[in-house]
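Numbering (the working numbering), first residue to last: -3 to 492.
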Ligand code: C2O
Ligand code: CU
């Protein structure tokens, strides 16, 4: 337990995954009964603990591609889904976790018949798409009952940016359980005129813990800090291998679809060039050693291996405290191997990378209003040492779908200051209306583009500029640690 030396004892548990192998997971239990969640992954060592094979070639989820302006698909939500082609007890879309990759173009209609084969409500959120939040479009208030089907019709506007988006369930009270169980998929908007690459891959990151009968249940303490899985997966696989030849140009569409983890990714011996954030191509690519993704964030990177070898892609999970240094549950803090890049062929001198056409720039018009809002966590009544009794919300209020928390005039461009007086960072996500980050309390460099998830530092703030110039309707903003969202850290907004 960080900050409480000497208080931890280590306990091992074995879990069956519905696979041939058995999983051994380490759980550290502190003196006060708090559990530190997650694997104690050692960089560079394949863990025998997962029950899933490691070292398999990275698989691509099935691609469903629009034609003649339309993508009509059936998505069946059900338990018993496979992981990376191996039978497992995950939950999936059409039998797999992640679900199929949906590929569309600006101007297309996405017609999804979602069938709920679970024993609880679900729905579908097209995360990051700039589409209508109303009716049977990207409407988070719809709940589809067990056994029912629902027909979504999502019109992707003509001018929609090309990039990497994703979909996942959003039924309040059930979102974290369902994402953690495996329900997520990529949604790519393609556009003409992008430079060719030799590999264009979705790299969708999830984490999960599976018991024999299905996804492990979360305890109140794990919900408080945001649950974390024992297995960190890439396209449903444990530590797969990306094969490439030296000199090939790779585009990786990285999606952080974990329930709670803020990840810093690092590829051994290779800088990565970030070309897009949250589905929008950046005006200027940036090259560095790491990329950081809060839950819900995406980034597209270019990698050009220049020599033969095997290079781990590692993921470091930021440490989270639910209650600050005074104790309480923590999670994260570890570095794990997410995948390996295996290259062959002769070494080559580095060659320049192509330039990708920039996505739409943030609106430069005058700001017409300002608001302040705050993430709030409090103790409601007597809180037990299991985290029960903790309340989550915005501005001291828990989510109520009937109440409208922010009413905004269509056409307004507002400046929002989102403050976080709590001792843990929260990823802020707003549906339908992406925002420009003007500044944050940590001094994070800005990107001069629009994004849809931003991490608000513990005890800090972010300042956002939000153009509400399209997509009238009612929707939500929330914490993308989905355990917090399910516990009430979500609010409504009506634009019209
Ligand atoms: Cu990715 Cu409202 O969610
Ligand atoms: Cu949160």
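Don't be surprised by glycine CBs; every beta carbon is placed ideally from N, CA and C.
Since the structure is predicted, the reported quantities are computational estimates derived from the model, not experimental observations.
Can you give me the C-alpha to C-alpha distance between residue 159 and residue 271, rounded to a whole angstrom? Start at 1 with the first residue of the chain shown, and residue 159 comes out as number 163. Start at 1 with the first residue of the chain shown, and residue 271 comes out as number 275. Residue 159 and residue 271 have their C-alpha atoms some 10 Å from each other.
Apply the 10 Å Cβ neighbour rule to residue 232 and answer buried if 16 or more other Cβ atoms are within range, or exposed otherwise. As a working note, residue 232 is residue 236 in the chain shown. With 16 or more other Cβ atoms within 10 Å, it is buried.
Cutting at 7 Å between CB atoms, please list the residues of its own chain near residue 2, excluding the five before and the five after it. By 1-based counting over the chain shown, the position of residue 2 is 6. Per-residue confidence for residue 2 stands at a pLDDT of 29, beneath the threshold of 50, marking its modelled position as unreliable; the derived number appears in the next sentence. So the list is empty, once near-sequence residues are dropped.
In terms of residue numbering, what span does the beta strand (DSSP E) encompassing residue 482 cover? Position 486 of the chain shown holds residue 482. That residue, residue 482, is in no beta strand (DSSP E); its alpha helix (DSSP H) goes 478 to 482.
Excluding five sequence neighbours on each side, which residues of the same chain lie with their C-beta closer than 6 Å to the C-beta of residue 479? Taking the chain shown and counting its residues from 1, one reaches residue 479 at position 483. These residues qualify, in order along the chain: 172, 219, 222, 223.
Is the closest heavy atom of the ligand CU to the C-beta of residue 495 under 7 Å? As shown, the chain starts at -3 and ends at 492. That puts residue 495 outside it, with no answer to give.
Does the Cβ-Cβ distance between residue 361 and residue 409 come in under 8 Å? Position 365 of the chain shown holds residue 361. Position 413 of the chain shown holds residue 409. A contact, by the Cβ cut-off of 8 Å.
Which word fits residue 418, buried or exposed, when buried means at least 16 other C-beta atoms lie within 10 angstroms of its C-beta? If you number the chain shown from 1, residue 418 lands on position 422. Residue 418 is buried by the Cβ-count criterion.
Sorry if obvious, but does the Cβ on residue 480 come closer than 7 Å to a heavy atom of the ligand CU? Sequence index remark: in the chain shown, residue 480 carries index 484 (1-based). Yes, since a heavy atom of the ligand CU falls inside the 7 Å radius drawn around the Cβ of residue 480.
Residues bridged to residue 93 (per DSSP): The count along the chain shown starts at 1 and reaches residue 93 at position 97. For residue 93, which the question treats as bridged, DSSP gives the partners 79.
In its own chain, which residues sit with a C-beta less than 7 Å from the C-beta of residue 62, not counting the 5 before and 5 after it? Taking the first residue of the chain shown as position 1, residue 62 is located at position 66. Correct list, in chain order: 99, 100, 101, 104.
Terminal residues of the alpha helix (DSSP H) in which residue 485 lies: Indexing the chain shown from 1 puts residue 485 at position 489. Careful: residue 485 lies outside any alpha helix (DSSP H) and carries neither H nor E.
Please list, in chain order, all residues of the same chain as residue 66 whose beta carbon is under 7 Å from its beta carbon, the five residues on each side excluded. For this step, residue 66 is matched to residue 70 along the chain shown. Only 104, 105, 107 meet the Cβ criterion.
Contact set for residue 483: own chain, Cβ-Cβ below 6 Å, skip 5 residues either direction: On the chain shown, residue 483 is found 487 positions in, with the first residue counted as 1. Non-local C-beta neighbours of residue 483 in its own chain, meaning closer than 6 Å and more than five positions away in sequence, comprise 388, ordered along the chain.
Once DSSP output is grouped into helix, strand and coil, what is the label at residue 196? To locate residue 196, count along the chain shown from 1; it is residue 200. Here residue 196 sits in strand by DSSP.
Report the three-state DSSP secondary structure of residue 497 (helix, strand or coil). No answer is possible for residue 497: it lies beyond the span of the chain, which begins at -3 and ends at 492.
Helix, strand or coil at residue 340 according to DSSP, with G and I counted as helix: Here residue 340 corresponds to residue number 344 of the chain shown, with the count starting at 1. In the structure shown, the three-state DSSP call for residue 340 is strand.
In its own chain, which residues sit with a C-beta less than 6 Å from the C-beta of residue 195, not counting the 5 before and 5 after it? Indexing the chain shown from 1 puts residue 195 at position 199. Closer than 6 Å at Cβ, skipping near neighbours: 246.
Identify whether residue 396 lies in helix, strand or coil by the three-state DSSP scheme. Start at 1 with the first residue of the chain shown, and residue 396 comes out as number 400. Coil.
Should residue 380 go down as buried or exposed, given a rule of 16 or more other Cβ atoms within 10 Å for buried? As a first step, residue 380 must be located in the chain shown, where it is residue number 384. Model confidence at residue 380 stands at a pLDDT of 49, short of 50, so the residue's coordinates are unreliable; what they give is reported in the following sentence. For residue 380, the number of other beta carbons within 10 angstroms of its own is below 16, and it is reported as exposed.
Compare the C-alpha of residue 430 against each of 457, 257, 355 and name the closest. Numbered from its first residue, the chain shown carries residue 430 at position 434. Selection 457, 257, 355 evaluated against residue 430 yields 355 as nearest (Cα-Cα).
C-alpha distance - residue 437 paired with residue 424, whole-angstrom precision: Walking along the chain shown from the start, residue 437 turns up at place 441. Walking along the chain shown from the start, residue 424 turns up at place 428. Looking at the two C-alpha atoms, the distance is approximately 14 Å.
Cβ pair count under 8 Å reaching 3, the stretch 228 to 242 against the stretch 76 to 96: In this structure the stretch 228 to 242 lies against the stretch 76 to 96, because at least three pairs of beta carbons, one per stretch, are closer than 8 Å.
To the nearest angstrom, how far is the alpha carbon of residue 363 from that of residue 288? Within the chain shown, numbered from 1, the residue matching residue 363 stands at position 367. Within the chain shown, numbered from 1, the residue matching residue 288 stands at position 292. Cα to Cα, residue 363 sits roughly 29 Å from residue 288.
Considering just the uninterrupted stretch of the alpha helix (DSSP H) at residue 173, what are its terminal residues? Taking the chain shown and counting its residues from 1, one reaches residue 173 at position 177. DSSP places residue 173 inside the alpha helix (DSSP H), whose first and last residues are 171 to 176.
Member of 352, 242, 80 whose CA lies at the smallest distance from the CA of residue 305: Sequence index remark: in the chain shown, residue 305 carries index 309 (1-based). Distances from the alpha-carbon of residue 305 to those of 352, 242, 80 put 242 closest.
Short of 8 Å in beta carbon distance, which residues of its chain neighbour residue 154, apart from the five on each side in sequence? Order them along the chain. To locate residue 154, count along the chain shown from 1; it is residue 158. Cβ neighbours of residue 154 beyond the five flanking positions: 102, 103.
Nearest to residue 97 by CA position, among 358, 164, 76, 477, is which residue? Reading the chain shown from its first residue, position 101 is the one you call residue 97. Ranking 358, 164, 76, 477 by CA distance to the CA of residue 97 puts 164 first.
Cβ-Cβ distance between residue 257 and residue 296 below 8 Å: By 1-based counting over the chain shown, the position of residue 257 is 261. By 1-based counting over the chain shown, the position of residue 296 is 300. In this structure, residue 257 lies away from residue 296, with their beta-carbon atoms at least 8 Å apart.
Host beta strand (DSSP E) of residue 469 (start-end): The count along the chain shown starts at 1 and reaches residue 469 at position 473. Taken as a continuous stretch (DSSP letters only), the beta strand (DSSP E) holding residue 469 covers 469 to 475.
Can you find a heavy atom of the ligand CU that lies under 7 Å from the Cβ of residue 422? As a first step, residue 422 is located in the chain shown; it is residue number 426 there, counting from the start. Indeed, a heavy atom of the ligand CU lies less than 7 Å from the Cβ.
Is DSSP giving residue 18 helix, strand or coil here? Within the chain shown, residue 18 is the residue found at index 22, counting from 1. At residue 18 the pLDDT is 29, less than 50, meaning the model places this residue with poor confidence and gives no usable figure here.
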